[in-house]
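In structure tokens form, the structure reads like this:
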């Protein structure tokens, strides 16, 4: 604590206070969906917020810890963060005009150049945003989507820094997830600095209410969302009191080291799985003990519930979320492909506890014993689960015609 010391008056102390986010270390990564996943993240809802950008990255909502655009020149952008922005930016909440990246000289000791010094180009992340628009790619003048709802969905977060220009839509603190938007059009024009910039018109397309509306505020209250801050006693992800807390069930406010420290009782919310999900869990009789362990605890958010479930379903061989899960008689879940490789090397022995599962038959028999009940549960929690190996039946033209009551050729 530098309070009241000579060091507290130095510029470096103020810099550390203002840029505390830069000193944070990433402790985990989102593995339930790939990094280029398009659309919402399972378990994360509109209105959830984080105090630091590094924790937004951990949630999977926006993975780059510093860059404002998550995308590349080869694939559509998947998320952006509205922060300080450019003078050209316009924000109306449901719609906003976003300016691409680049145009500033950041070489040498100019990491925070405030004046644009050259034209932006439709390359790298700017090109990724253009690829997300349902319009032909044009690096000269841009394009407009014929049907903007066919544009690729982009997750949008707003930082408290947006308040400098648009306080009515900015969070009071931290970074807030505001839902899915789609690009209506993109174009090139001269900015206020006299250099060309690429601009993108975003329009909101999310079933969950925007957090600045009355409906959105009621939704946040109903879900019990609180900003995730690792420096307080109450864990914003689980809603539970952290170990080592000064007062169980309370959180500190005010100056912790001063005389005005007081404890305020923190609200504790409990995430309730839907009736449909509870029925699916009931049918998974092979994992009754695992589900009992999971439901023994309380979770404040759906994402915390999914994290706990994922922790119980880590393959003991590849250490990833189990794919094509085979539940052994000892109740351990293993990827089908990993288990077959283990059987080739060690025989019918559980890779976790060495329990003999010869009763399940040969390797060909094991391949046919994927736990479909567990697959259904994971698909309900994580819609993209198994997308690489689950084959959906195709509807033929004849079947489609019969469904629609059309004549069959």
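Numbering (our numbering), first residue to last: 81 to 489.
A virtual CB, placed ideally from N, CA and C, is assigned to each residue, including glycine.
Q. If you run the structure through DSSP and keep just helix, strand and coil, what is residue 208?
A. helix
Q: Identify, in the order they occur along the chain, each residue of the same chain with its Cβ nearer than 8 Å to the Cβ of residue 373, setting aside the five sequence neighbours on each side.
A: 392
Q: Name the two residues that bound the continuous beta strand (DSSP E) containing residue 578.
A: Because the chain spans 81 through 489 in this model, residue 578 falls outside it and cannot be assessed.
Q) Should residue 250 be labelled buried (16 or more other beta-carbon atoms within 10 Å of its own) or exposed? A) buried
Q | Coarse secondary structure for residue 247, derived from DSSP in three states | A | helix
Q) Would you call residue 335 buried or exposed, if buried means 16 or more other Cβ atoms sit within 10 Å of its Cβ? A) Below a pLDDT of 50, predicted positions are generally treated as unreliable, and residue 335, at 42, falls in that range; no measurement from the model is reported.
Q. For residue 270, which of helix, strand or coil comes out of DSSP?
A. strand
Q.
Which complete alpha helix (DSSP H) runs does the segment 405-452 hold, if anything under 4 residues is left out?
A. 416-426, 443-447
Q. In this structure, what does DSSP give as the bridge partners for residue 223?
A. 266
Q: Take residue 198 as the anchor and find which of 291, 270, 113, 263 has the nearest alpha-carbon.
A: 270
(Q) So, at 8 Å on beta carbons, what are the nonlocal neighbours of residue 237 in its own chain, with the 5 sequence-adjacent residues on each side left out? (A) 136, 141, 142, 159, 160, 161, 162, 255, 256, 257, 258
Q | Secondary structure, beta strand (DSSP E): runs of 3+ residues fully inside the segment 117-165 | A | 159-162
Q: With residue 75 as the anchor, note down where its alpha helix (DSSP H) starts and where it stops.
A: Residue 75 lies beyond the stretch modelled for the chain, which goes from 81 to 489, so this question has no answer here.
Q) Start and end of the beta strand (DSSP E) containing residue 281? A) 276-284
Q: Using alpha carbons as the reference points, say which of 359, 436, 207 lies closest to residue 221.
A: 207
Q | Close-in-space but distant-in-sequence residues of the same chain around residue 210 (CB under 7 Å, 5 per side omitted) | A | 202, 217, 266
Q: Take residue 123 and list the residues in its own chain whose beta-carbon comes closer than 6 Å to its own, dropping the five residues that flank it on each side.
A: 382, 383, 386
Q | residue 466 versus 454, 403, 280, residue with shortest Cα-Cα distance | A | 403
**Q.** Close-in-space but distant-in-sequence residues of the same chain around residue 240 (CB under 7 Å, 5 per side omitted)
**A.** 250, 251, 252, 253, 254
Q. Which first and last residues belong to the alpha helix (DSSP H) in which residue 312 is found?
A. Taken as a continuous stretch (DSSP letters only), residue 312 belongs to no alpha helix (DSSP H), as it is neither H nor E.
Q | Residues sharing a beta bridge with residue 179, DSSP | A | 279
Q: Could you give the DSSP three-state label for residue 366: helix, strand or coil?
A: helix
**Q.** Where residue 281 falls, given that 16 or more other Cβ within 10 Å makes a residue buried
**A.** buried
(Q) residue 360 and residue 456 - do their beta-carbons sit closer together than 8 Å? (A) yes
(Q) Just verifying my parser: in three-state terms, what is the DSSP assignment at residue 257? (A) strand
(Q) Quick check: what's the CA-CA separation for residue 350 versus residue 295? (A) 21 Å
**Q.** Helix, strand or coil at residue 336 according to DSSP, with G and I counted as helix
**A.** With a pLDDT of 36 at residue 336, under the threshold of 50, the predicted position of this residue should be treated as unreliable, though the coordinate-derived value follows. If DSSP states are grouped into helix, strand and coil, residue 336 belongs with coil.
Q) Where does residue 401 sit, in a helix, a strand or coil, going by DSSP? A) strand
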